[in-house]
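Residue numbers (the numbering used here), protein chains in the order written: chain A, 6 to 119; chain B, 85 to 774; chain C, 598 to 764.
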């Protein structure tokens with residue numbers, strides 16, 4: 006226990022690639038939890054944004070530390086672009102759903118089930 | 085006449101009564117007078133043929149045998165047995181020719197007698213049909229040249245006897261007697277059958293001539309003389325049954341339940357003589373031991389039945405026991421080797437015994453008429469104590485009856501005298517040759533007893549006083565159709581028909597015709613040869629004659645003194661010797677013995693079998709039924725629960741797993757995402773570990 | 598502990614805590630605004646990673662565009678008048694476990710693979726120019742395609758949300 010803590014704390018100061026990656030991992034799993042758990046469509050989209058952001062962090066971290074030069078950043082740019090486009094479309098769809106079903110609770114929007 | 089014609093006439097003699105039988109059985113009721121003329125006519129024609137054949141045979145071909153053979157079956161190879169060929173045929177030798185004539189004659193007489201006696205009978209045509217059937221069967225026995233046909237005829241006369249004894253089958257006693265006759269006969273027939281088969285197994289043929297030749301050439305059954313004796317004794321068994329010898333004599337007295345003409349024909353003259361005839365036919369295969377056994381059986385039979393006869397009160401019963409006794413005489417004669425004498429006695433006995441029965445029938449008929457007229461249905465018309473003094477009223481019956489009685493007693497000038505004398509001489513000769521003194525002693529004793537009881541019968545029936553004088557008034561002689569046969573038979577009891585010498589038959593045609601055949605048995609076991617026997621016989625002739633006359637005379641005197649002159653009271657003797665009297669009256673207890681042992685034993689056996697059947701067999705059947713039920717129940721349960729259960733389980737498992745798996749399909753994307761990510765994680769870990 | 602590390606941990610904390618709030622909050626508005634802070638945190642992390650252009654782009658587009666859009670969506674799709682908009686969760690436990698597992702797995706994976714990456718010597722330089730050049734040369738096609746996508750998205754979104762629609 007003592008050794009473990011000492012190891013853990015010795016690992017903290019010198020921030021390197023792995024720290025960023027771990028942050029991205031946490032963010033990713035949070036986002037995934039949000040997607041999977043939330044009933045409201047908008048909140049699912051928020052979770053999705055979290056996931057995409059986590060991926061971006063990953064890309065950029067590798068771009069800086071991992072020898073990708075700026076390719077990672079380019080990738081991140083495209084991710085942002087596409088996230089934006091997708092958010093627009095998604096919202097349009099959500100609005101349509103709201104118009105149709107009077108609710109955005111994706112639980113209740115289940116006409117295709119069975 | 086040629087051979088062929090004579091043989092064909094014999095066969096015609098055989099078949100005519102059969103034809104009559106066939107016609108009467110089917111059309112009898114529709115014919116006028118129910119067809120009695122048809123049957124009587126056919127038997128009369130048979131008689132004519134038989135006489136022609138006999139005369140022609142004895143004069144033209146005295147030393148030959150006329151035969152007719154045909155192959156009945158000829159299987160080349162029966163699996164397990166080998167070649168099977170049965171050749172059947174008929175043969176006429178002197179013995180057969182005379183016997184045929186005797187049978188036809190007595191049968192014809194009985195037919196005529198029956199026309200009157202059975203006048204208003206309820207089954208008139210059937211009676212005549214069966215008479216014809218009997219005649220056919222008897223003639224088949226006589227004319228057969230092989231044991232197969234002989235046995236067939238043997239059984240057929242058994243059936244005829246059964247049918248005729250039970251003619252009045254409404255009476256239980258009659259149907260019982262018929263069954264008794266048939267069953268007791270059958271017992272003897274079993275032995276006969278085994279004997280035939282022993283011979284067949286050895287010689288593969290039924291023909292008598294071939295069997296004789298076979299034995300003569302040295303082949304013995306199973307290679308031993310003991311078996312040959314056994315075969316002979318077994319064949320004798322058949323005669324024991326059919327001819328009512330001890331111990332199978334019990335059926336004959338009961339057979340008197342049948343109509344009196346039937347008793348005359350079957351149980352006096354012909355069927356019972358078939359046994360003697362059989363012995364005469366198979367005489368060559370008998371070894372000395374077999375013949376000795378035969379002689380003793382005959383002697384014992386003669387003695388027992390004679391003693392029973394002196395105590396009986398029914399006229400027909402007396403005659404029945406007399407028949408048994410005389411048959412014993414004949415068998416004894418053949419046993420001692422007096423072949424000619426035995427057969428001769430058969431012929432003469434046929435005449436006078438038939439006559440005695442028909443005469444008694446005449447008496448019974450007359451008494452019946454009177455009793456019926458008086459409305460008396462209680463008094464027994466056959467009981468001699470109800471008779472007496474009939475001489476005046478029924479003269480013809482009386483005189484003929486007297487003639488028969490003289491013949492049976494062996495009085496001079498009768499045919500019976502000749503034949504009985506020969507037999508007794510034969511027994512003396514036998515004694516001289518072999519030392520068996522029992523036989524002649526019994527022979528003479530029985531001669532005396534015979535005279536005694538026969539004259540007792542005559543005295544009580546015809547002489548003396550009738551109890552009811554009023555009844556006596558109304559008795560009259562029987563019609564012609566009844567008396568003519570009586571006269572004919574009485575005439576034949578005179579000696580002249582058989583020999584011109586009243587004291588010896590040796591020169592008669594019978595003696596010339598019937599010659600004792602040479603035994604084919606190996607010399608070591610053969611009885612004395614014919615020549616030796618003739619020699620002894622010759623010497624014994626005069627002593628036998630004298631002693632038989634003495635014995636008969638004593639018997640007659642005793643009878644008269646007891647019953648006519650009443651010097652000695654029969655009742656007093658009976659009272660003094662009460663035990664003996666009852667014993668004799670009860671037929672030496674044979675019927676009781678057989679009843680308890682045989683019939684009772686069979687009942688016990690039946691009860692055991694029935695228990696077995698009910699408990700064990702039925703138990704097994706029920707048990708198997710129960711087992712089947714149980715098995716099917718178990719199987720059913722198994723099917724319902726296990727098999728169906730399995731099927732249901734499968735369905736249930738499918739349903740349950742479906743229900744479970746259905747939960748995965750929530751329709752929510754998020755669930756699917758969870759599963760997808762979970763899958764990725766699992767993949768990662770699996771690959772990491774391996 | 599250098600300044601770099603402290604700043605890093607600060608922004609990381611902001612990001613992660615906001616993320617938690619986004620995901621675990623019952624109130625949509627709270628989630629939305631936490632998302633704002635998350636985006637800012639991420640932008641800060643970008644800066645630390647020498648991705649200046651991206652940091653600004655992130656703020657501009659994500660916060661200014663997407664978040665506003667989300668807020669519009671929230672407002673338009675909820676009939677509530679007040680700010681308190683509640684919402685429920687869906688099979689939380691399995692997802693929680695799964696999230697923990699995923700986080701743990703990924704972290705472990707990252708740690709085991711790249712824990713020894715050093716820090717490259719770098720010169721601080723603006724990336725804008727370089728990115729622009731890359732977009733116009735190496736990544737021209739993706740760039741064009743991305744613009745087409747944007748166009749399509751624009752048309753599609755406009756078309757999909759038009760009012761006159763018979764249901």
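Don't be surprised by glycine CBs; every beta carbon is placed ideally from N, CA and C.
Note that the structure is predicted; figures quoted are calculated from it, not measured.
In the structure shown, residue 711/B falls within a helical segment according to DSSP collapsed to helix, strand and coil.
Taking a contact as a CB-CB distance under 8 Å, the pair residue 639/B and residue 491/B does not count as one, their CB atoms being some 14 Å apart. A distance below 8 Å separates the beta carbons of residue 636/B and residue 493/B. Using a Cβ-Cβ cut-off of 8 Å, residue 761/B counts as an interface residue toward chain A, since at least one Cβ of chain A sits closer than that to its own. Residue state for residue 170/B is assigned as strand, using DSSP reduced to three classes.
Just so you know, the alpha carbons of residue 438/B and residue 90/B end up roughly 28 Å apart. Secondary structure of residue 156/B (DSSP, three-state): strand. A straight line joining the alpha-carbon of residue 113/A with that of residue 78/A spans about 40 Å. Around residue 768/B, the beta-carbon contacts reaching into chain C at under 7 Å are 702. Under the Cβ criterion (8 Å, minimum of three pairs), the segment 78–92 of chain A counts as touching the segment 731–739 of chain C. When beta bridges are read from the DSSP output, residue 110/A appears opposite 45/A. The Cβ neighbour count for residue 474/B, taken over all protein chains shown within 10 Å, is at least 16; the residue is labelled buried.
Its chain contains 108, 112, 209 as the residues whose beta carbon lies nearer than 6 Å to that of residue 119/B, once the 5 sequence neighbours on both sides are disregarded; these appear in chain order.
Taking 8 Å as the threshold, the shortest C-beta distance from residue 690/C to chain B does not fall below it. In the DSSP assignment, the residues bridged to residue 467/B are 398/B. In the displayed model, residue 161/B falls within a strand according to three-state DSSP. Against chain A, a Cβ distance below 9 Å from residue 747/B picks out nothing, because the smallest value is about 13 Å.
Secondary structure at residue 73/A: coil, using DSSP grouped into helix, strand and coil. Residue-level contact by beta carbon holds for residue 41/A and chain B, with a gap shorter than 8 Å. In the DSSP annotation of this structure, residue 680/B is not part of any alpha helix (DSSP H), being labelled neither H nor E. Apart from sequence neighbours up to five positions away, the residues of its chain that approach residue 337/B with a beta-carbon distance below 6 Å are 401, 404, ordered along the chain.
Within chain A, the residues whose beta carbon sits less than 8 Å from that of residue 662/C are 89, 92, listed in sequence order. In this chain, the alpha helix (DSSP H) harbouring residue 321/B covers 309–326. Note: residue 750/B is not bridge-paired with any residue in the DSSP secondary-structure output. Annotation: the segment 349–399 of chain B contains the following complete segments of the alpha helix (DSSP H) (minimum length 4 residues), in chain order: 355–365, 372–393. Boundaries of the alpha helix (DSSP H) around residue 294/B: 292–300. Taking residue 207/B as reference, the option from 455/B, 250/B, 502/B with the minimal CA-CA separation is 250/B. The alpha carbon of residue 757/C has as its nearest neighbour, out of 97/A, 110/A, 18/A, the alpha carbon of 97/A. Using a Cβ distance threshold of 8 Å, residue 372/B and residue 317/B do not count as a contacting pair. Taking 8 Å as the threshold, the shortest C-beta distance from residue 695/C to chain B falls below it. For residue 37/A, the closest Cβ of chain B is nearer than 8 Å. When only Cα atoms are considered, residue 765/B and residue 722/B end up about 48 Å apart. The beta carbons of residue 181/B and residue 142/B sit closer together than 8 Å. The beta-carbon separation of residue 151/B and residue 94/B, rounded to 10 Å, does not stay under the 8 Å limit for a contact. Assignment of residue 498/B by DSSP, reduced to helix, strand and coil, places it in the strand class. One Cα belongs to residue 91/A, the other to residue 750/C, and the distance between them is close to 7 Å.
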